[in-house]
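Visitor:
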Amino acid sequence: MARFFKKRTENKGLAPGALVFIGQKRLDKPILNLHHYNGQGYKQEALNEDSPIGDFPNENRWLNVVGLHDSDLMDRIQKQFGLHPLAMEDVMNTGQRAKFEEFDDHLFITLKMLQFNEETGQVQSEQLSLLFAEDFLISFQEQEGDVFDPVRHRLSEGRGMIRKRGADYLAYALLDTIVDSYIYLIEHLGEKIDDLELRVLDNPDESIVSEINTYKRELHFVMKLIKPVKDLIAGILRSNSPFIHGKETLPYFKDLEGLILHTLESVDTYRNLLSDYLNLYHTTISSKMNDIMRVLTIFSAIFIPLSFFAGVYGTNFQYFPELQYKYSYFIFWGLILIVAGTMLWYFRRKKWF
Amino acid sequence: MARFFKKRTENKGLAPGALVFIGQKRLDKPILNLHHYNGQGYKQEALNEDSPIGDFPNENRWLNVVGLHDSDLMDRIQKQFGLHPLAMEDVMNTGQRAKFEEFDDHLFITLKMLQFNEETGQVQSEQLSLLFAEDFLISFQEQEGDVFDPVRHRLSEGRGMIRKRGADYLAYALLDTIVDSYIYLIEHLGEKIDDLELRVLDNPDESIVSEINTYKRELHFVMKLIKPVKDLIAGILRSNSPFIHGKETLPYFKDLEGLILHTLESVDTYRNLLSDYLNLYHTTISSKMNDIMRVLTIFSAIFIPLSFFAGVYGTNFQYFPELQYKYSYFIFWGLILIVAGTMLWYFRRKKWF
Amino acid sequence: MARFFKKRTENKGLAPGALVFIGQKRLDKPILNLHHYNGQGYKQEALNEDSPIGDFPNENRWLNVVGLHDSDLMDRIQKQFGLHPLAMEDVMNTGQRAKFEEFDDHLFITLKMLQFNEETGQVQSEQLSLLFAEDFLISFQEQEGDVFDPVRHRLSEGRGMIRKRGADYLAYALLDTIVDSYIYLIEHLGEKIDDLELRVLDNPDESIVSEINTYKRELHFVMKLIKPVKDLIAGILRSNSPFIHGKETLPYFKDLEGLILHTLESVDTYRNLLSDYLNLYHTTISSKMNDIMRVLTIFSAIFIPLSFFAGVYGTNFQYFPELQYKYSYFIFWGLILIVAGTMLWYFRRKKWF
Amino acid sequence: MARFFKKRTENKGLAPGALVFIGQKRLDKPILNLHHYNGQGYKQEALNEDSPIGDFPNENRWLNVVGLHDSDLMDRIQKQFGLHPLAMEDVMNTGQRAKFEEFDDHLFITLKMLQFNEETGQVQSEQLSLLFAEDFLISFQEQEGDVFDPVRHRLSEGRGMIRKRGADYLAYALLDTIVDSYIYLIEHLGEKIDDLELRVLDNPDESIVSEINTYKRELHFVMKLIKPVKDLIAGILRSNSPFIHGKETLPYFKDLEGLILHTLESVDTYRNLLSDYLNLYHTTISSKMNDIMRVLTIFSAIFIPLSFFAGVYGTNFQYFPELQYKYSYFIFWGLILIVAGTMLWYFRRKKWF
Amino acid sequence: MARFFKKRTENKGLAPGALVFIGQKRLDKPILNLHHYNGQGYKQEALNEDSPIGDFPNENRWLNVVGLHDSDLMDRIQKQFGLHPLAMEDVMNTGQRAKFEEFDDHLFITLKMLQFNEETGQVQSEQLSLLFAEDFLISFQEQEGDVFDPVRHRLSEGRGMIRKRGADYLAYALLDTIVDSYIYLIEHLGEKIDDLELRVLDNPDESIVSEINTYKRELHFVMKLIKPVKDLIAGILRSNSPFIHGKETLPYFKDLEGLILHTLESVDTYRNLLSDYLNLYHTTISSKMNDIMRVLTIFSAIFIPLSFFAGVYGTNFQYFPELQYKYSYFIFWGLILIVAGTMLWYFRRKKWF
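Order-wise, the sequence lines are chains H, A, S, U and V. If you're matching positions, the first sequence starts at -6 in my numbering and goes up one per residue. If you're matching positions, the second sequence starts at -6 in my numbering and goes up one per residue. If you're matching positions, the third sequence starts at -6 in my numbering and goes up one per residue. If you're matching positions, the fourth sequence starts at -6 in my numbering and goes up one per residue. If you're matching positions, the fifth sequence starts at -6 in my numbering and goes up one per residue.
1. Going by C-alpha to C-alpha distance, which of Ala126(V), Gln108(V), Met336(V), Lys209(V) sits closest to Gly159(V)?
2. Could you tell me the distance, in whole angstroms, from the CA atom of Gly60(U) to the CA atom of Ile46(U)?
3. Within the same chain, show all residues whose beta-carbon is closer than 6 Å to that of Glu211(A), passing over the 5 residues directly before and after it, in chain order.
4. List, in chain order, every chain U residue whose beta-carbon is nearer than 7 Å to that of Ser300(S).
5. Using only the alpha-carbon positions, how far apart do Ser300(H) and Ser300(A) sit?
6. Using 8 Å as the limit for Cβ to Cβ distance, is Arg152(V) near chain H?
7. Can a CB atom of chain S be found closer than 8 Å to the CB of Phe214(A)?
8. Sort Phe325(H), Thr290(H), Met286(H) by Cα distance to Val305(H) and report the nearest one.
9. Cutting at 7 Å between CB atoms, please list the residues of its own chain near Pro143(U), excluding the five before and the five after it.
10. Quick one: Cα of Arg54(A) to Cα of Leu130(A), how far?
11. Got a sec? Which residues, its chain only, sit under 6 Å from Asp248(V) by beta carbon, not counting five neighbours each side?
12. Against chain A, does Thr276(H) count as a neighbour if the rule is that its beta carbon must be under 8 Å from one of theirs?
13. At a cut-off of 7 Å, would you count Glu150(U) as near the ligand MG, judging by its Cβ distance to the nearest heavy atom?
14. For Ile331(S), which option in Glu315(S), Phe302(S), Tyr318(S), Tyr274(S) has the closest C-alpha, if you only look at C-alpha atoms?
15. So, helix, strand or coil for Ile131(U), using DSSP?
16. Report the three-state DSSP secondary structure of Leu337(V) (helix, strand or coil).
17. For the alpha helix (DSSP H) holding Ser300(V), just list the boundary residues, first then last.
18. Assign Glu348(V) to buried or exposed, taking buried as 16 or more other Cβ atoms, counted over all protein chains shown, within 10 Å of its Cβ.
19. Helix or strand or just coil, what does DSSP make of Ala80(U)?
20. Between Leu194(S), Arg264(S), Pro197(S), Ile229(S), which has its C-alpha nearest Tyr208(S)'s C-alpha?
21. Can you tell me where the alpha helix (DSSP H) holding Thr207(V) begins and where it ends?
22. Strictly below 8 Å CB to CB, what residues from chain S border His99(U)?
23. Which residue comes first and which comes last in the alpha helix (DSSP H) that contains Gln71(U)?
24. Taking the alpha carbon of Pro235(H) as the reference point, which residue from Leu267(H), Leu40(H), Ser44(H), His99(H) has its own alpha carbon closest?
25. From Pro244(H) to Glu204(H), what distance separates their C-alpha atoms?
26. Helix, strand or coil: how does DSSP classify Ser234(U) here?
27. Quick one: what's got a C-beta closer than 7 Å to Ile329(H)'s C-beta in the same chain, skipping five residues either side?
28. Just to confirm my understanding: we take Arg147(U), look at its own chain, exclude 5 residues before and 5 after, and list those with CB closer than 6 Å. What are they?
29. Among Ile226(V), His213(V), Thr308(V), Phe133(V), which one has its Cα closest to the Cα of Pro23(V)?
30. Under 8 Å Cβ to Cβ from Leu163(V), same chain only, skipping five residues before and after it: list those, please.
31. For Pro78(S), which residues in the same chain have their Cβ closer than 6 Å to its Cβ, ignoring the five residues on either side in sequence?
32. Tell me which same chain residues have a C-beta within less than 8 Å of the C-beta of Pro221(A), skipping the five on either side of it?
33. Using a Cβ-Cβ distance under 8 Å, would Asn265(V) count as near chain U?
34. Along chain V, in chain order, which residues have C-beta atoms closer than 9 Å to that of Ala303(H)?
35. Quick one: what does DSSP say Met154(V) is sitting in, helix, strand or coil?
36. Straight-line CA distance for Glu180(S) to Glu111(H)?
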């Protein structure tokens, strides 16, 4: 459950803007990659945490930082690019809610990348922060491995418009791959959820309830992380920052908004499905239980009067006329069969079994 | 369930605006029909995928394209009409949420056509996209067979104002027939749902639960696809695009908004009905189960003490005064009948059966 | 259930604005009444469907049309008063959602008149449409008999301000009597619902569930028809049409808005009451069932061990010491009574009955 | 239930603005009190229904009218102060929803005063209407006895700013005491609701369900009447009427808004509590029922096989080896005890009792 | 429950702005601390309730008052700083809803500080009010002990920008530590709630229901107090008061808004978890009960027919062929075993146990 709520406790009482890493350290040394490109060319270079970050006039720069725990590095980046201390504080605190914020000198986006861990059966999140202005974009992530390879390929191969546009288009391209990965995740969970339906209808056992609850919780977790992304994109669409080139880039973000709405509706659909499954499970179980109890009760109800008749003929009355009669025993069995048969016929006619 | 969420997976990481078909290929070769008309005349010609699309000054053109998988054709149409790459990407991705988008050179509408498949008992959807500007409208659909024949007849026979108005009116006319087909679908589902009521009240079996759940799911599916159409039309009404002639065409879209609200309310009504049926089913079943259990329990409760009395007179005590008495056996039966009668009378007075 | 959703099916694909009657024909020939009046005088004349509709300068005209199926008459009225084709189409389609629409030359209001039919136990609706401009108002209704007599009396007797004001005030007066009739209907249903409470608390049977469901459905039906009236009036209040004299007439419509809000809240209150009754019914029933089952189970639990003891003394062991003893039988009965008494005392102390 | 919906029936079809009393006449003759005051002095005089209402230049007047049924008096007041006929109609109709309305010459406020009647256990409402302009305020109430004494004292003793401010401040002061009385009422109901908790946890009986339902209904009633007061105050805050002195008086109304929000949230809290209690009741009851059924069923399950064994040894087979054996009877009892003990041990180990 | 709704009763009818303490007196004498500082220096002095409050030109002052019951002191502070009477009334009434209000000469914030009391298992609240203008801030709290020590340290040690900024930044810093303490509280409650999950899945007893209900109530309480803080901060963000330096301070409040949204979502998440646990508990319990009833009923259903057979052979018919046969007794036992075995096999095959 710790996933639901990252601890901010240690931060209590620090000055706002203090560069303190809050989260789980997932790698030893930060990894830095600098891509610089313009309409004409593209180059990528790996930096280590001490090497200076080059300045390339007339080129756009994309600095990708993996690992957030090195305060010195963070401080250096903040100073070089003139980033707002609050933005940097949020970058280093991995318990952020997805949001878009406008500062005077740059824009700030933070959101979660999501991945389904097949082993634990849980969705894992990793925080991504983007800071960008006209000609640079800095992306911060917690660990190696991301969904941005297609963007890197498009950059290196010069496919599409990505080299010709500014940092806002690059930010869009990165967000787009993340939203795509959300959709992939929902599809994946959705297939697992679809599989539950047959199991619910067919002889369900109790384990399915906790399985349904697990998926409900995962979807709740996903919903909680994705929902603010809608506001994030709405914020970009409403923004009139000079760093977002309305005429050219806004249609792309508008498209993204449609995708995220679609995703949220799908999460909702699957949550409804799970609730329906739970109801179906309860109906199935209680209907089966009813069947058992009904049949058994009918069973008892038939034998209880028969036992009574046997009891009557087991009494030791001195003067018991029937007992002397030679065929009494056979008549007794006949009586028993008639009573049982009548009851069966009656219960059946009443559609009780 | 795949209907709920069309796969976008294969698209992961493509450059935005890339013309890639996402969906199920439903026919071999695309079918193209070009209608051109003005107040004076009307002509329709079938094109094949290589033939050039004519340009008719002072005439409106309606190009109807069936089949979305031919990227070359799509590319050619995009270039000839100057369509936005994002719009074309959405046309070819059949997993779109209904939406209205304004581009500089044209407007874009995408939504679903719905049809009830009697065999599978499921609602099937087909994506329709409309791109239009002042004097042309291009409609893209996935397969042959649509609900537009009345519009074609009105065009060919010159009924109504359709030939005299621009592409916005044609777009309205197409949307209107689609919304009409929604209403027809809801009516059709509604009649099936109405039929359930009697079956629920009259001796219901378990199969009705899964049937109710099926209809709930279909209505959820329909709701999910129709609900964004409301926003789509609201978007058109808010738009101040030069391609929509406010004074003349907006009243028609306003009318359409009333229809779609009406449709959504009806879907809601039927969903409420289904929930009521489900509750009614549970009440009926549990009330029937209660009846059975009550009657059987009363039955047992009467015979259990009687068996006890029979047991008492079956004991083998040496000195058992009553057993010697001549009429004991008959008195025993009298006792049994009195006890049973008293209990029946008591239970009846308590209104237990 | 057909009441929930008037068929539009036959209309599929007609040109918008086509004058086609959709609904149930409720009378043979349309009935027309023309009232014309001003501050000085008032006259009313009955027209038949062919007679021309007079033009009275400096007078307001109210044309009341009963029966919507005569397309020729409709066409004539449309042309004489210059009505918008979409408005006329809506007038003739009795499956409209209540709405207010502004056209250039006149305003359009459509809503439902409601009446409780004691025989069927259902609420019946009839569509009323009002079209008005500065000095005329045309009202269309489906059948004879309405709630407008008080307005007619005020007109003929010159009571209140009705003769001195324009068509907007007349429209208000008509809407006011309709909203009054809504309130009367809710009061009437409310009294029936109030009567249910005692029956639910006192020995309820299953029929009450279907009765509660019936009222829920009727209230849902009423809610569905009345709710859009709120938007209708809000639309009038927002309107800046020259046909509505803001300073003089708007306070009246504002008053009407308060009434309709009040009505909707009352429908909601009664729906909540019905849900509470349903819960109360289930509590009452299950509590009664629990009582029965508990008492009967206690009954059985007492006799089952007694039968065992009788069974023990009914065994045929050769050496059975107690059986020879003279007072065994009486001791046996004593034992039985002590066991039964102890159990009763124990169950009572545990508050089980 | 009549409290939920005051009859407007008799009003059907009256001209709007007609002065007709709708409600229950609660006193014989109306009582009038006129307070006039300014920064320098204050005087109060009781009027009877025929005496003229004085005019005091440079003084504020507060006319308090108790009893609404005297149309002549109402007519006289309306004319003297130039009140709008719609406002006067609403004053005399006691079935109003709380609202604030602006007329050209004065403002109009109507809302309910609430009181808990210990005898009937119901909340009673009385309608209060305020009409005020720059220097006069007229308050109409249905019966004697109100919550305004503190305001009267502040006026007569000159405490606070009340004498120095205009009629808007007086209106605020009156509304403030009414909102205070709402809070007192909720506190009072809240204490009664809190008392229920212990009774629910401790041995609850069925009567508590109907008691919980009663409180739910009363809170629903209170909510229905108080909720529109929020809109009323919001309306005042939005108003730019010259009769409300924004700079001086608005902070007070703003404060009132906070109070009414607080009150509504508290009603909501108590409604949630009641729902929790109801659930707790059902859990407690069903858990108790489960205990009883489980124990009794275990009881029966132990004796039924024992009876079978007794039955076996009661059979009359000629050749029955065990019966001849001398210690059979004691072995039989041993067997019985072992079987019973084993079952008890097994059930206990399974934690069934 | 008194925590839910602080009594305002005693206040009924007081003049608005009267300085009357409403709440629980938590300490004997008020404690005053005055901090004054600017970019250059910082000094703190403890005052007693009679000593004058110094005036320090070119310095910011923070006056911290603990204890609200001393009306004379309150009056003196109000006069010295020119505070609005309504603000002071709210400071002294500890039953306030969190809110932000703008007055001409200063701003006013009131909200709750929350703390979990391990002994009572309840969340305790203490009211904090902040009044500030350009260069002073006065904070009022109910008792000693708060969460502001980090702010005091930053002030005394000159860390961060706190000494260089105005009173608005100080207000932000105080609010920030309070929101941090909310987060800490939710984390703490969340850990306790997480612990419940295992106990629900593993052999749950009834006590867990009341425990879940307790946490639900605490979260409801927390939600009720924190939710208005969202509006409070939104109010600050919307404000254009000269005392809030938009460019410099607003980003900090914007950051705070994100935190409070995050907190509210977490409360919501935990409430959902608790509801899921409650459902899980009911499923677990009813599933266990079903198991017991099913097994026991099967048990009885097997022995009841066996008892019947024993009864048959216990009858005393004179002519009873089987009884004479030598091996009858052994055949009888065989029959019993076959019948019992068949039933067991049948029930098992039907998956009834």
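The beta carbon of each residue, even a glycine, is placed where N, CA and C say it ideally should be.
Guide: According to the structure data:
1. Looking up residue 159(V) in the fifth sequence gives position 166. Considering only alpha carbons, the answer is Ala126(V).
2. In the fourth sequence, counting from the first residue as 1, residue 60(U) sits at position 67. In the fourth sequence, counting from the first residue as 1, residue 46(U) sits at position 53. Using only the alpha carbons, I get a separation of about 17 Å.
3. Position 218 of the second sequence holds residue 211(A). Val116.
4. For the purposes of this step, residue 300(S) is identified with residue 307 of the third sequence, where counting begins at 1. When 7 Å is used as the limit between beta carbons, Ser300(S) is near these residues of chain U: Ser300, in chain order.
5. Walking along the first sequence from the start, residue 300(H) turns up at place 307. Walking along the second sequence from the start, residue 300(A) turns up at place 307. When rounded, the distance between both Cα atoms is 7 Å.
6. Counting from one through the fifth sequence, the residue named residue 152(V) turns up at place 159. Residue contact with chain H for Arg152(V): present (Cβ-Cβ distance below 8 Å to some residue of chain H).
7. As a working note, residue 214(A) is residue 221 in the second sequence. When Cβ-Cβ separations below 8 Å define contact, Phe214(A) makes no contact with chain S.
8. As a position in the first sequence, residue 305(H) is number 312, starting the count at 1. Out of Phe325(H), Thr290(H), Met286(H), Phe325(H) has the C-alpha closest to the C-alpha of Val305(H).
9. If you number the fourth sequence from 1, residue 143(U) lands on position 150. Thr170.
10. Counting from one through the second sequence, the residue named residue 54(A) turns up at place 61. Counting from one through the second sequence, the residue named residue 130(A) turns up at place 137. The alpha-carbon separation between Arg54(A) and Leu130(A) amounts to approximately 6 Å.
11. Position 255 of the fifth sequence, counting from 1, holds the residue named residue 248(V). Excluding sequence neighbours, Asp248(V) sits near nothing in its chain.
12. The count along the first sequence starts at 1 and reaches residue 276(H) at position 283. At a cut-off of 8 Å between C-beta atoms, Thr276(H) counts as an interface residue with respect to chain A.
13. Judged by which ligands are present, the structure shown has none, so any question about the ligand MG falls away.
14. Looking up residue 331(S) in the third sequence gives position 338. Closest by alpha carbon: Phe302(S).
15. Your numbering for residue 131(U) matches position 138 in the fourth sequence. Ile131(U) falls in the strand class under three-state DSSP.
16. Working through the fifth sequence from its first residue, we reach residue 337(V) at position 344. In the three-state reduction of the DSSP assignment, Leu337(V) falls in the helix class, which pools H, G and I.
17. Residue 300(V) sits at position 307 when you count from the first residue of the fifth sequence. 239 to 305 is the span of the alpha helix (DSSP H), which, as asked, contains Ser300(V).
18. Here chain V comprises residues numbered -6 to 346, so residue 348(V) is not present and cannot be evaluated.
19. One-based indexing of the fourth sequence puts residue 80(U) at position 87. Three-state result, Ala80(U): helix.
20. Within the third sequence, residue 208(S) is the residue found at index 215, counting from 1. Closest by alpha carbon: Arg264(S).
21. Numbered from its first residue, the fifth sequence carries residue 207(V) at position 214. 200 to 231 is the span of the alpha helix (DSSP H), which, as asked, contains Thr207(V).
22. Walking along the fourth sequence from the start, residue 99(U) turns up at place 106. Think of a sphere of 8 Å around the beta carbon of His99(U): no beta carbon from chain S falls inside it, the nearest being about 12 Å out.
23. For the purposes of this step, residue 71(U) is identified with residue 78 of the fourth sequence, where counting begins at 1. Counting along the chain, Gln71(U) sits inside the alpha helix (DSSP H) bounded by residues 64 to 74.
24. Working through the first sequence from its first residue, we reach residue 235(H) at position 242. In this structure, His99(H) is the residue among Leu267(H), Leu40(H), Ser44(H), His99(H) with its C-alpha nearest to the C-alpha of Pro235(H).
25. Counting from 1 along the first sequence, the entry for residue 244(H) is found at position 251. Counting from 1 along the first sequence, the entry for residue 204(H) is found at position 211. Spanning the two alpha carbons is a distance of roughly 41 Å.
26. Walking along the fourth sequence from the start, residue 234(U) turns up at place 241. It is coil, neither helix nor strand.
27. As a first step, residue 329(H) must be located in the first sequence, where it is residue number 336. Here the set comprises Leu299, Phe302.
28. In the fourth sequence, residue 147(U) corresponds to position 154, counting from 1. When the five nearest sequence neighbours on each side are left out, the beta carbons in the same chain lying within less than 6 Å of the beta carbon of Arg147(U) are those of Gly153, Ile155, in order along the chain.
29. For the purposes of this step, residue 23(V) is identified with residue 30 of the fifth sequence, where counting begins at 1. Comparing Cα-Cα distances from Pro23(V) to each of Ile226(V), His213(V), Thr308(V), Phe133(V), the minimum goes to Phe133(V).
30. Here the question's residue 163(V) lines up with position 170 in the fifth sequence. Excluding positions up to five away in sequence, the list reads Asn53, Trp55, Phe125, Leu130, Val144, Ile155.
31. Numbered from 1 along the third sequence, position 85 holds the residue referred to as residue 78(S). Correct list, in chain order: Gly10.
32. Taking the second sequence and counting its residues from 1, one reaches residue 221(A) at position 228. For Pro221(A), same chain residues with a beta-carbon under 8 Å away, outside a window of 5 residues either side, are Arg90, Ala91, Lys92, Leu104 in chain order.
33. Locating residue 265(V) in the fifth sequence gives position 272, where the first residue counts as 1. Look at Asn265(V): its C-beta is not under 8 Å from any C-beta on chain U.
34. Working through the first sequence from its first residue, we reach residue 303(H) at position 310. Below the 9 Å Cβ cutoff, chain V contributes Ser300, Phe301, Phe302, Ala303, Gly304, Val305, Tyr306, Gly307, Thr308 as neighbours of Ala303(H), in chain order.
35. Mapped onto the fifth sequence, residue 154(V) falls at position 161. Coil, per DSSP.
36. Taking the third sequence and counting its residues from 1, the one referred to as residue 180(S) is at position 187. Taking the first sequence and counting its residues from 1, the one referred to as residue 111(H) is at position 118. Take the alpha-carbon of Glu180(S) and the one of Glu111(H): they are about 60 Å apart.
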